[in-house]
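The structure appears right after this line, and notes come after that.
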DNA sequence: TGAATGATGAACT
DNA sequence: GTTCATCATTCAG
């Protein structure tokens, strides 16, 4: 499967997008410079029927509003002290999204080390809250589009093999807990778990 | 207006 | 394995 057109990937089914984003490059440009990483782990959240999704039951609030918009928009939200970043998927009006859970650093690694307080390199981007801090992704990015600067996604090298399994941190969501909606590049050491 | 709740990460034992 | 920092969002009242 080719990655010749990133906008096309946004418009696939959410599960397909979650797989096809693996290998793509996430870039954030700020006044301090650019930082980029290869996406190696994602999770799909499939809207009103998915108890683990913020948009479960069609919940349309200030927070979830952007999920109802066109594919490719940026959905950021805060939990505890962290910001997490999602790619909006599915046609306009269908509130689905893909969470970016882990990156393999590609560019701006010194900047990432500074932002992450000089953690070990393996710890820079191997989790959803870690990678947003490393790249400087914040709530300022909410509602932007991943086809435009300063936060965008470009094609990269496809994984040789993809693994899947249950999503992380959604123990209290009934049957949705076990859906195999988490995808990662098999064997990549930057995967969160 | 208040209280419960996390799609987490870090630091522990 | 466990605890907890820490706060916007959400919903009950």
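Residue numbers (the numbering used here): 9 to 201. The C-beta atom is built at its ideal place from N, Cα and C for all residues, glycine as well.
- For residue 110, the closest alpha carbon among the candidates 132, 95, 118, 17 is that of 132.
- In the displayed model, residue 29 falls within coil according to three-state DSSP, outside both helix and strand.
- Only residues of its own chain outside the window of five on either side were considered, and among them 130 have a CB closer than 7 angstroms to the CB of residue 197, listed in chain order.
- Shown here for residue 173: same chain residues with a beta carbon closer than 7 angstroms to its own, the five before and five after excluded, namely 188, 190 in chain order.
- Of the residues 66, 49, 51, the one whose Cα lies closest to the Cα of residue 57 is 66.
- Here the segment 176-188 does not lie against the segment 143-158, with fewer than 3 beta-carbon pairs under 8 angstroms apart.
- A distance of 8 angstroms or more separates the beta carbons of residue 52 and residue 30.
- When only Cα atoms are considered, residue 134 and residue 18 end up about 23 angstroms apart.
- Residue 97 carries a strand assignment under DSSP once its states are collapsed to helix, strand and coil.
- Under the rule that a run must span 3 or more residues, the beta strand (DSSP E) segments found entirely inside the segment 16-79 read 33-38, 41-53.
- By the 16-neighbour rule on beta-carbons within 10 angstroms, residue 162 is exposed.
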